[in-house]
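Just so it is clear: in the sequence shown, position 356 is 355 by this note's numbering, and no numbers are missing. Each residue gets a CB set at the ideal place from its N, CA and C atoms; glycine is no exception. Here the structure is a predicted model, which means the values were calculated and not measured. Written out below as structure tokens is the structure these notes cover.
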Amino acid sequence: MRASRLDGLDLLRGAVMVLMVLDHTRDYFGDATVNPTDLATTTPALFLTRWVTHFCAPVFALLAGAGAYLAGARGRPRAGLAWFLATRGLWLIFLEVTVVRLGLFFDLVSPPIILTVLWSIGASFVALAGLCFLPSRVVGALGLLLIATHGLADRFPPGSDAPSMIRAAYTILLRPGFLPVPGGVAMLVGYPLLPWLGVVAAGYGFGELAGLDPGRRPRVMAALGLLLMASFVGLRAWGMYGEPRPWEEGATPALTALSFLNCTKQPPSPLFVLMTLGPAILGLAAADRFGVRAPAGRALVTLGRVPLFYYLLQWYVIHGLAVLYGLARGLPVGWLFSAAALDRPPPGWTLSIPELYVAWAIVVAILYLPCRWYAGFKSRHPGGWLSYL
0 MRASRLDGLD LLRGAVMVLM VLDHTRDYFG DATVNPTDLA TTTPALFLTR WVTHFCAPVF
60 ALLAGAGAYL AGARGRPRAG LAWFLATRGL WLIFLEVTVV RLGLFFDLVS PPIILTVLWS
120 IGASFVALAG LCFLPSRVVG ALGLLLIATH GLADRFPPGS DAPSMIRAAY TILLRPGFLP
180 VPGGVAMLVG YPLLPWLGVV AAGYGFGELA GLDPGRRPRV MAALGLLLMA SFVGLRAWGM
240 YGEPRPWEEG ATPALTALSF LNCTKQPPSP LFVLMTLGPA ILGLAAADRF GVRAPAGRAL
300 VTLGRVPLFY YLLQWYVIHG LAVLYGLARG LPVGWLFSAA ALDRPPPGWT LSIPELYVAW
360 AIVVAILYLP CRWYAGFKSR HPGGWLSYL
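Okay, here's the thing in structure tokens:
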């Protein structure tokens, strides 16, 4: 069976990529010292501005796994697929510690090494290079098992007297944190591997749905999305499993609702995964059922076909605009060329929520034209080294 490319997958990927830029725009134009999900200090508008971007990382990981499955379903031999996944995974990790790091800080030398989205997907691809020899349903089941059980690691954290290798493995594989490396350079593991490998592997199993009959596929996806959403509501209300942070009744029904939605992203709790992937898969079913015809939908499909190009470029666009913004207002910008670029901004820097959304729209508009050009270039020159970008 040779699976054709699904516009719905690209539409969903493009939609979360646009949302991702909202979060990163907030990083550079907002106050990074304010936790937007701390209900004791945040506002509903700021909370929801952050919460809606929670969909990005799980959807990226799910679709990365689905894309790996589809690459094999289109006729690539298993050995060739394993080689592609391993080499592309290592390439993503390299980009994380070089191109992304430079875009984050405009300083390639002094900041700590930060391992985030590209690291987690890249390392998951390396693992998937071995797993892809198993049936896709087995890989998907292993992913679900990782999603459901990685929280058990909280019961057995390594103590301060544990060997350094054990503590390092715990940080890299299970729980985010700082990790000292030789040479005195600190490494921040923001996305530990195993929880996100679970989502990627589940996505590999999910990719099999692309091979279903087009008349049946939207119904199956819709049923799955609704099941995940119902499971989230039921388990969250029960409060006994799947989320380390219990919800509480607030002073108002709105605050209670926000507390109910306030699930743990790092590492992604099982309920965080249900909360985000349920609506995403339901939206994918709708796109598959009704097609992608509106201009906005086609624009999202275009972005969704060049995710890595978009991801790398957006750091430089947002960070560069932040520098121009500071210069135009006569504010100091030296801090934007160091690890402090994601730290406390100078007085008078922070945009209001409406202004933040305007800045977000400007960034997306700037990104669209080069991404549209690259999508066309890539479609005219398929395969080869471009498959790594």
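Would you mind giving the Cβ-Cβ distance between LEU117 and LEU91, rounded to the nearest angstrom? I have them listed as a contact below 8 angstroms.
5 angstroms
What did DSSP end up calling PRO353 once you bin it into helix, strand or coil?
Residue state, collapsed to three classes: helix.
Tell whether a beta-carbon distance below 9 angstroms holds between MET239 and GLY277.
No, the Cβ-Cβ distance between MET239 and GLY277 is not below 9 angstroms.
What residue range is occupied by the uninterrupted beta strand (DSSP E) comprising ALA185?
Counting along the chain, the beta strand (DSSP E) containing ALA185 begins and ends at 184 to 188.
Taking the alpha-carbon positions, what's the SER268 to TRP314 distance?
C-alpha separation (whole angstroms): 27 angstroms.
With a CB to CB cut of under 7 angstroms and the five nearest residues on each side skipped, what residues in its chain are close to ALA2?
The pLDDT assigned to ALA2 is 39, lower than 50, so where the model puts this residue is not dependable, and the model offers no usable value.
PRO243 by DSSP, collapsed to three states: which one?
coil
Starting from the C-beta of ALA340, find all residues in its chain whose C-beta is less than 6 angstroms away, skip the five residues before and the five after it, and write them out in chain order.
PHE104
In the DSSP assignment, find the unbroken beta strand (DSSP E) run with LEU178 in it and report its ends.
Judged by DSSP secondary structure, LEU178 falls within the beta strand (DSSP E) whose first and last residues are 176 to 180.
Check for me: the alpha helix (DSSP H) holding LEU47 runs from which residue to which?
43 to 50
Please state if the CB of ALA221 and the CB of LEU281 are separated by a distance shorter than 9 angstroms.
yes
Please report the straight-line C-alpha distance between LEU151 and PRO175, rounded to a whole angstrom.
Cα-Cα distance, rounded: 15 angstroms.
Using only CA atoms, which one of ASN34, LEU62, PHE132, VAL58 lies nearest to PRO76?
PHE132
Give me, in chain order, the residues of the same chain whose beta-carbon lies closer than 8 angstroms to that of PHE271; leave out the 5 immediate sequence neighbours on both sides.
Apart from the 5 residues on each side of it in sequence, PHE271 sits with its Cβ closer than 8 angstroms to the Cβ of HIS53, PRO57, GLU242, CYS262, THR263, LYS264 in its chain, given in chain order.
So, for ARG379: in the same chain, excluding its five sequence neighbours on each side, which residues have a beta-carbon less than 7 angstroms away from its beta-carbon?
Taken in chain order, the list of residues that qualify is empty.
Secondary structure at LEU330, three-state DSSP: helix, strand or coil?
coil
Name the two residues that bound the continuous beta strand (DSSP E) containing LEU89.
Note, LEU89: premise wrong, no beta strand (DSSP E); alpha helix (DSSP H) at 77 to 94.
Among LEU196, SER109, GLU248, which residue has its Cα nearest to the Cα of THR148?
LEU196
Excluding five sequence neighbours on each side, which residues of the same chain lie with their C-beta closer than 8 angstroms to the C-beta of ARG100?
These residues qualify, in order along the chain: LEU107, PRO110, ILE112, ILE113.
Along the chain, where does the alpha helix (DSSP H) containing LEU114 start, and where does it finish?
From DSSP, LEU114 is part of no alpha helix (DSSP H) but of the beta strand (DSSP E) over 112 to 114.
Using a threshold of 9 angstroms, state whether the C-beta atoms of LEU18 and ALA122 are closer than that.
no
Specify the secondary structure class of ARG73 as computed by DSSP and reduced to three states.
Note: ARG73 maps to coil in three-state DSSP.
How about ASP342: is its C-beta nearer than 9 angstroms to some C-beta of chain B?
Here there is only one protein chain, and chain B is not present.
Using CA coordinates, which residue listed in MET186, ILE146, LEU234 is at the minimum distance from PRO194?
Nearest option by C-alpha distance: ILE146.
I need the straight-line Cα distance from TRP50 to ALA360, nearest angstrom please.
18 angstroms
Using a threshold of 9 angstroms, state whether the C-beta atoms of ALA65 and LEU141 are closer than that.
no
Within 10 Å of its beta-carbon, does MET0 have 16 or more other beta-carbons around it, so buried, or fewer, so exposed?
Interpretation of MET0 is limited by its pLDDT of 36, a score under 50 that renders its predicted location unreliable; the figure taken from the coordinates is listed afterwards. Taking a 10 Å sphere around the C-beta of MET0, we find fewer than 16 other C-beta atoms and assign the residue as exposed.
What would DSSP say about LEU173, mapped onto helix, strand or coil?
coil
How long is the line joining the alpha carbons of ALA78 and TYR356, rounded to whole angstroms?
46 angstroms
Tell me whether PHE132 sits in a helix, a strand or coil according to DSSP, three-state version.
coil
Which of the three DSSP states is assigned to GLU207 in this structure?
In the structure shown, GLU207 sits in a helix (DSSP, three-state: H, G or I).
Using the Cα positions of ARG328 and ARG216, report the straight-line distance between them to the nearest angstrom.
53 angstroms
Mapping DSSP to helix, strand and coil, what is CYS262?
Here CYS262 sits in coil by DSSP.
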